[in-house]
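In my numbering, the protein residues as written are 28 to 554.
Only one structure is covered here, and it is reproduced in the block below.
And the structure:
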């Protein structure tokens, strides 16, 4: 490979990671800063056109799988109605409305081609919104709805997009055939996902090796996506189903599997998302330079109209979708006794930032597609416009509406403390039973140490309800214990490193003891 090409391939991820690192350090939204950096550098770097196959085969499956295993199957099940209305209903509604607007702006464009653009820009990418929502402490239900929407809306949009492109190219797709193709893709993706999820869970359970299990899990999203796509079903749905299934069963795996999995997918998310948002900004120059600017106001006016339609259509849909089912169905009112607040509806309605899937779908449009450069420009405008306008204003909107999860956080701490107490009681009962039966021939000091450790975990959970302070604001025993133990661990590390430097122990010994100390400190840090 040419060294210049290799250097260019390395520059983008290195620069993207550097910008993302600065964003994390400063507490800024990394996706938005990466997009702005890409926009600023786009005219000055070698022209790079986003390869749709790379996005749909390399970036999309692992990002979806990571989000799915980190999601709650039970939580998504509880909000399945709003998630379905957003990820299916809103996407199809957006496709029709935006397609109609494009057809009015470009009457010469075939309706199917206009609807293809509607499908391209219909699915929001909730990465930026969810990152801000979690950082600012939005209620869990709102975050779950946004995550659930982002998990499934790509499947709806990509299926509608393929149908519209086929119709625009004259491949004889009827409305009945389009509906059948959509249902086949969705149902087929669910079936393939469930079958593969069951098989893969058996394989992972039989491995019994944390390193091997996580290595296999790295391959799962790509294999599942390709298997579903080869069957002409939705690879997105299949990957999400497998991720939810395996994530739901992950607590039954070994502790090593969970620790490695958490670290591996955090790194994968950070790396891929950094590159993806930087690439979005870098597409500005190739897209803008391919357009005819003899009458500059014409493309700008069309871009503003499509952008406004993409933003407004979400607001138009989300209010009746949130309240009409409750008015019309007693069953909905019975299952969901508490009506959604207008603040939550406003936040979800403004969380419509588009992402790289829209750009990838636009670049995947065939070269002979009608008005292809214009469609690319309109897509780019919607993606950048929503990321900057909605993304930059999203944190201030949340603060102005004064929405938080303080009650939810207190309820979580209370539930955890009760569970810790029940778990400690079970652990102590098991210990007493083993000692009474003579199974564990141990000294009394060992039994007392085990008993104190179980009681300390329970005490720590209850103390967390008071913010980690006792009466009058003084430190609680658990707080003092953690602070002193951290200082002791730091002193132990210094000794081990000094022994290594003096060649009194080998690096292998140092790594082993450091691993043990790190696990203990991670437990302390968790509290």
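Here a beta-carbon is modelled for each residue, glycine too, at the ideal position from N, C-alpha and C.
Alpha carbons only, please: which of 343, 105, 407 and 78 is nearest the one belonging to residue 334?
407
Tell me which residue opens and which closes the alpha helix (DSSP H) that residue 116 is part of.
Here residue 116 belongs to no alpha helix (DSSP H), and DSSP marks it neither H nor E.
CA-to-CA distance, residue 504 to residue 486, given in whole angstroms
9 angstroms
Rounded C-alpha distance that separates residue 206 from residue 126
17 angstroms
How should residue 294 be labelled, buried or exposed, when 16 other C-beta atoms within 10 angstroms of its C-beta is the threshold for buried?
exposed
Using the C-alpha atoms, what's the distance from residue 551 back to residue 509?
6 angstroms
Strictly by DSSP, which residues pair up with residue 381?
151
Among the residues of its own chain, which have a CB less than 7 angstroms from the CB of residue 372, if the five just before and after it don't count?
345, 346 and 349
Helix, strand or coil for residue 75, going by three-state DSSP, please let me know.
coil
Under the three-state DSSP convention, the category residue 396 falls into
coil
Under a three-way DSSP split, which group does residue 283 fall into?
helix
Label residue 292 either buried or exposed according to how many other C-beta atoms from any shown protein chain fall within 10 Å of its C-beta, with 16 as the threshold for buried.
buried
DSSP state of residue 260 mapped onto helix, strand, coil:
coil
Three or more C-beta pairs closer than 8 angstroms, one from the segment 202-219 and one from the segment 137-151: is that the case here?
no
Let me know the secondary structure DSSP gives residue 202 once reduced to three states.
helix
Using the beta-carbon count (16 or more within 10 Å), is residue 404 buried or exposed?
buried
Residue 387 to residue 442, Cα distance in whole Å?
44 angstroms
Integer-rounded CB distance, given that residue 95 should sit under 8 angstroms from residue 267:
5 angstroms
Rounding to the nearest angstrom, what Cα-Cα distance links residue 97 and residue 276 in this structure?
11 angstroms
Going by other Cβ atoms of all chains shown within 10 Å of its Cβ, with 16 needed for buried, is residue 464 buried or exposed?
exposed
Which residue spans inside the segment 298-372 form an unbroken alpha helix (DSSP H) run of at least 4?
311-316, 324-355 and 357-362
State whether the segment 83-93 contacts the segment 247-260, with contact taken as three or more CB pairs (one from each stretch) at a distance under 8 angstroms.
yes
Which same chain residues end up closer than 6 angstroms to residue 549 when comparing Cβ atoms and leaving out the 5 residues on each side of it in sequence?
none
Excluding the 5 residues preceding and the 5 following residue 50 in the sequence, name in chain order all residues of the same chain whose CB lies nearer than 6 angstroms to its CB.
57 and 60
Sufficient close CB pairs (3 or more, under 8 angstroms) joining the segment 429-441 to the segment 220-236:
no
Let's test the definition: count the other Cβ atoms within 10 Å of the Cβ of residue 134 and tell me whether it reaches 16, buried, or not, exposed.
exposed
Give me the Cα-Cα distance between residue 107 and residue 285, rounded to the nearest whole angstrom.
27 angstroms
Using only the alpha-carbon positions, how far apart do residue 512 and residue 392 sit?
60 angstroms
DSSP state of residue 55 mapped onto helix, strand, coil
coil
Going straight from the alpha carbon of residue 397 to that of residue 197, what length do you get?
12 angstroms
Under three-state DSSP, which class holds residue 432?
coil
Rounded to whole angstroms, what's the CA-CA distance from residue 37 to residue 263? Just pull it up for me.
28 angstroms
Indicate the three-state DSSP secondary structure (helix, strand or coil) for residue 138 in the structure shown.
helix
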